[in-house]
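So the protein sequences, as listed, match chains A and R. Sequential numbering of the first sequence, starting at 719, is according to the numbering used here. Sequential numbering of the second sequence, starting at 122, is according to the numbering used here.
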Amino acid sequence: MPSADTSAPAHAPDPAPEAATGPASDAAPIIALAGIEKSFGSLDVLKGVDLEAGRGDVVAMIGSSGSGKSTLLRCVNLLEVPERGEITIAGEAITFSNKGPARVPSSAGQVNRIRADLSMVFQQFNLWAHLSILENVMLPQRRVLKRDRAQARQRAIETLDRVGIADKADAYPSQLSGGQQQRAAIARALAMDPTALLFDEPTSALDPELEGEVLRVIKSLAEEDRTMLLVTHDMRFARDVADKVVFLHQGRIEEEGTPAEIFDSPKSDRLQQFLSASDHR
Amino acid sequence: MFEHCPAIAEQVKLALGDEALSISVQERAQWFSCYFTTKKHLSIFRAAGVVLLILAFTVPVALLLGFLGALGKASRWPVISQICSLYVIMVRGIPDIIFFLFVPLTIEIGIEYVMHSFVYCRDSAEPFFNGINIQPCSEAAIIPTQFNRIVLAVVAYGIVFGSFAANIIDGALKAVPFGQRETGSAFGLSQRQVFFDIHLPQMWRYALPGFSNLWLILIKATPLLFLLGIQDIIYYADLLGKMATRRYSTYPHGDWKLWYFIALGIFYLALTMLSQLVFTRLERRFNKGMVINETTSGRV
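This is how it looks when you write it as structure tokens:
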């Protein structure tokens with residue numbers, strides 16, 4: 719795996735497990751999913767998926783529409799609750815209990831804590847429409863991390879500057895282009911100083927000429943050794959930024975490996991088909 | 122200030138009886154200023170004040186009940202959600218007028234029952250309901266003072282309009298795109314925080330047109346106050362507009378009902394137009410950043 723996790727550990731909030739999990743230099747994976755199964759009604763979307771991302775890994779999930787890649791990503795921060803399977807974030811296993819026929823996380827506090835540690839960037843940006851860009855970036859910091867106004871503001875300005883739209887801080891989301899909105903959404907995620915970032919098709923809602931600015935930002939984050947999980951349709955981008963590429967097909971991981979393995983020498987027929995089809999895009 | 126009034130009134134009255142005497146414009150003006158400030162006439166201004174007062178107190182009551190109804194309808198406890206659904210359906214489905222008669226009456230009887238049975242007349246042999254009549258003992262009986270009637274009016278209007286408000290709020294809460302709330306959850310905000318920081322502030326934008334409508338309907342429903350025995354502006358307009366003869370009145374005049382009702386029309390029109398102004402401002406404020414008619418405005 720061509721990872722660069724030897725360089726300095728970039729971020730501050732780092733809970734205890736590292737010491738506890740023994741000799742392995744990578745320590746525990748930041749994100750570990752095991753045997754994830756999820757269905758919507760009679761439709762089985764995920765049929766037993768295992769996935770791991772170590773510290774500093776950038777994992778790209780590819781696959782055709784309906785392969786379950788977005789659902790898998792949403793299971794990581796429990797926006798979807800899988801019926802079966804284990805989710806472990808930075809060594810902490812999420813506990814579930816049964817409520818009637820459904821399985822639900824047993825502690826809302828634990829879920830919220832984990833979510834605060836895994837910031838998500840959505841396909842549709844989902845900036846809060848009634849708040850200015852600055853307020854958007856400040857709100858979760860204030861409410862979840864309990865930062866005071868000055869701290870939150872300072873961090874917001876830093877991250878907005880980082881994504882290159884500090885000048886738009888007082889604008890409302892609807893006044894920005896799609897690319898700017900998505901960069902603001904990335905700033906909002908960064909400002910939480912999360913252990914890992916989750917990207918759900920971050921450029922799929924953008925016009926081609928706006929994709930570039932967002933991709934550049936994400937790429938620069940990947941180069942900082944942040945742990946990132948990325949669902950994307952953009953093969954070139956996946957090859958560019960990912961340490962590991964996972965190909966999902968009909969709710970299962972069909973193939974996974976380094977970008978070189980996946981894109982240059984795909985083994986399964988399905989992946990070959992998928993890649994040749996997406997080349998035509 | 123009005124010491125001159127008896128003299129003016131007398132003078133004009135004389136002039137009306139005797140065609141030889143004429144009334145100057147100045148005398149006319151003085152006469153009107155006196156006429157409008159008689160004790161009897163001041164009561165129509167007070168009645169207008171009462172209308173505004175009832176409106177002002179009804180709004181918070183209706184909003185409160187509206188929120189309780191809308192949030193209660195979505196409650197996870199079936200008892201609460203069913204009661205709230207029933208409230209919304211019942212009040213919507215029954216004509217307002219019946220409610221204005223029914224609600225104050227039930228509240229009145231309810232209070233009297235409680236007072237009769239538990240506070241005042243516990244020793245009384247007389248039952249509250251003797252099979253034919255409801256008879257609270259004298260201490261428990263509510264005296265229908267103007268104040269009591271106004272309180273009952275506020276409660277009645279609050280209940281009826283609270284139900285409409287509940288519908289508006291319910292719809293507005295559902296209109297906020299799910300992604301907006303979900304994103305809050307995705308960042309670790311609690312359900313409470315999502316509601317107060319995201320859902321509620323965005324709801325207003327969707328609720329405001331409905332509220333603006335409802336407010337106008339409420340204003341226009343105030344003439345129903347007479348059903349509650351409140352001597353409202355309509356009552357006084359009718360009373361003061363009646364022809365006043367020279368024989369019985371200090372300020373005799375013809376049948377002026379037309380003018381009084383025109384004045385009432387202007388009063389209500391001014392009230393609604395002012396409200397429109399306020400709502401336009403509110404809308405502008407809550408619209409900030411919100412793009413709602415993205416697909417319809419500015420595009421063909």
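Glycine included, every Cβ here is placed at the ideal spot set by N, Cα and C. Keep in mind the model is a prediction, meaning the values are calculated, not measured.
Original post:
Are the CB atoms of Leu332/R and Phe400/R nearer to each other than 9 Å?
Top reply: The amino acid occupying residue 332/R in the given sequence is Phe; Leu does not appear at that position. Taking C-beta atoms as the reference points, Phe332/R and Phe400/R count as a pair closer than 9 Å.
Original post:
Listing by chain order, which chain R residues have their CB less than 8 Å from the CB of Ser895/A?
Top reply: Correct list: empty, because the minimum Cβ distance to chain R is about 13 Å.
Original post:
Since Gln900/A and Val932/A are thought to touch, with beta carbons under 8 Å apart, how far apart are those beta carbons, to the nearest angstrom?
Top reply: 5 Å
Original post:
Are Ala914/A and Leu797/A closer than 9 Å when you measure CB to CB?
Top reply: no
Original post:
Are Ala287/R and Leu189/R close, meaning C-beta to C-beta below 9 Å?
Top reply: The Cβ atoms of Ala287/R and Leu189/R sit closer than 9 Å to each other.
**OP:** Express the C-alpha separation of Ser306/R and Val272/R in angstroms, rounding to a whole number.
**Re:** 43 Å
Original post:
Which of helix, strand or coil does DSSP assign to Ser196/R?
Top reply: coil
**OP:** Could you pull out every unbroken alpha helix (DSSP H) segment of at least 4 residues lying fully inside the region 188–264 of chain R, listed in chain order?
**Re:** DSSP runs (the alpha helix (DSSP H)) wholly in the region 188–264 of chain R: 199–214, 217–235.
Subject >> Contact residues within the region 303–321 of chain R, judged by C-beta distance below 9 Å to chain A >> reply: Glu303, Thr304, Gly305, Ser306, Ala307, Phe308, Gly309, Leu310, Ser311, Gln312, Gln314, Asp318, Ile319
Original post:
Between the C-alpha atoms of Ala183/R and Leu339/R, what's the straight-line distance to the nearest angstrom?
Top reply: In this structure, the alpha-carbon of Ala183/R lies about 10 Å from that of Leu339/R.
**OP:** Please confirm whether Ala834/A and Leu852/A have their CB atoms less than 9 Å apart.
**Re:** no
Subject >> Best match in Ala177/R, Tyr208/R, Ser311/R, Pro181/R for proximity to Ala191/R [C-alpha to C-alpha] >> reply: Measuring from the Cα of Ala191/R, the nearest candidate turns out to be Tyr208/R.
Original post:
Below 9 Å between beta carbons: does that hold for Phe220/R and Val281/R?
Top reply: The answer is yes: Cβ separation under 9 Å.
**OP:** Confirm the yes/no value for this check: CB of Trp846/A, any heavy atom of the ligand ATP, distance under 8 Å.
**Re:** Judged by which ligands are present, the structure shown has none, so any question about the ligand ATP falls away.
**OP:** Output yes if chain R places a C-beta closer than 9 Å to the C-beta of Ser760/A; else output no.
**Re:** For Ser760/A, no Cβ of chain R is located within less than 9 Å of the residue's own Cβ.
Original post:
Per DSSP, which one or two residues make a beta bridge with Glu804/A?
Top reply: Ala752/A
**OP:** State buried or exposed for Lys937/A, treating a residue as buried only when at least 16 other CB atoms are found within 10 Å of its CB.
**Re:** exposed
Original post:
By a C-beta neighbour count over all protein chains shown, 10 Å radius and 16 as the cutoff for buried, is Arg865/A buried or exposed?
Top reply: buried
Subject >> Ser837/A - DSSP class collapsed to helix/strand/coil >> reply: strand
Original post:
Could you give the distance in angstroms between the alpha-carbon of Val315/R and the alpha-carbon of Met838/A?
Top reply: 16 Å
Original post:
Where does Gly975/A fall in DSSP's three states?
Top reply: strand
Subject >> Short Cβ contact (9 Å threshold) for Val180/R with Leu346/R >> reply: no
Subject >> Any C-beta of chain A under 9 Å from that of Arg402/R >> reply: no
**OP:** Output, in chain order, the set of chain R residues within a Cβ distance shorter than 7 Å of Ala834/A.
**Re:** Phe308, Gly309
Subject >> Proximity to Arg326/R [Cα-Cα], best of Gly292/R, Phe407/R, Gly283/R >> reply: Phe407/R
**OP:** Give me the Cα-Cα distance between Gly283/R and Pro373/R, rounded to the nearest whole angstrom.
**Re:** 45 Å
Subject >> CB of Pro920/A within 9 Å of CB of Leu948/A, strictly >> reply: yes
Original post:
Hey, quick one: how far does the beta strand (DSSP E) through Asn816/A stretch, first residue to last?
Top reply: Per DSSP, Asn816/A is one residue of the beta strand (DSSP E) stretching across 814–817.
**OP:** Drop a sphere of 10 angstroms on the beta-carbon of Thr227/R, count the other beta-carbons inside from all chains shown, and report buried for 16 or more, exposed for fewer.
**Re:** exposed
Original post:
Residue range of the alpha helix (DSSP H) that Ala771/A falls in?
Top reply: Element bounds for Ala771/A: not the alpha helix (DSSP H) but the beta strand (DSSP E), 761–771.
**OP:** Give the straight-line distance between the Cα atoms of Pro298/R and Thr158/R, rounded to the nearest whole angstrom.
**Re:** 56 Å
Subject >> Interface positions of the region 857–871 of chain A facing chain R (Cβ-Cβ less than 8 Å), listed along the chain >> reply: Leu857, Pro858, Arg861, Val862
**OP:** Quick one: residues in its chain with C-beta nearer than 8 Å to the C-beta of Phe250/R, no 5 flanking neighbours on either side, listed in chain order?
**Re:** Gln256
Subject >> Below-9 Å beta-carbon distance, Phe717/A vs any chain R residue >> reply: One cannot answer for residue 717/A here, as it falls past the ends of chain A, which runs 719 to 999.
Subject >> Contact list for Ala905/A against chain R, beta-carbon separation under 7 Å >> reply: Residues of chain R with a Cβ closer than 7 Å to the Cβ of Ala905/A do not exist, since the nearest Cβ in that chain sits about 13 Å away.
Subject >> Beta carbon proximity, Met411/R to chain A, threshold 9 Å >> reply: Interface flag for Met411/R against chain A is set, since a Cβ pair is found closer than 9 Å.
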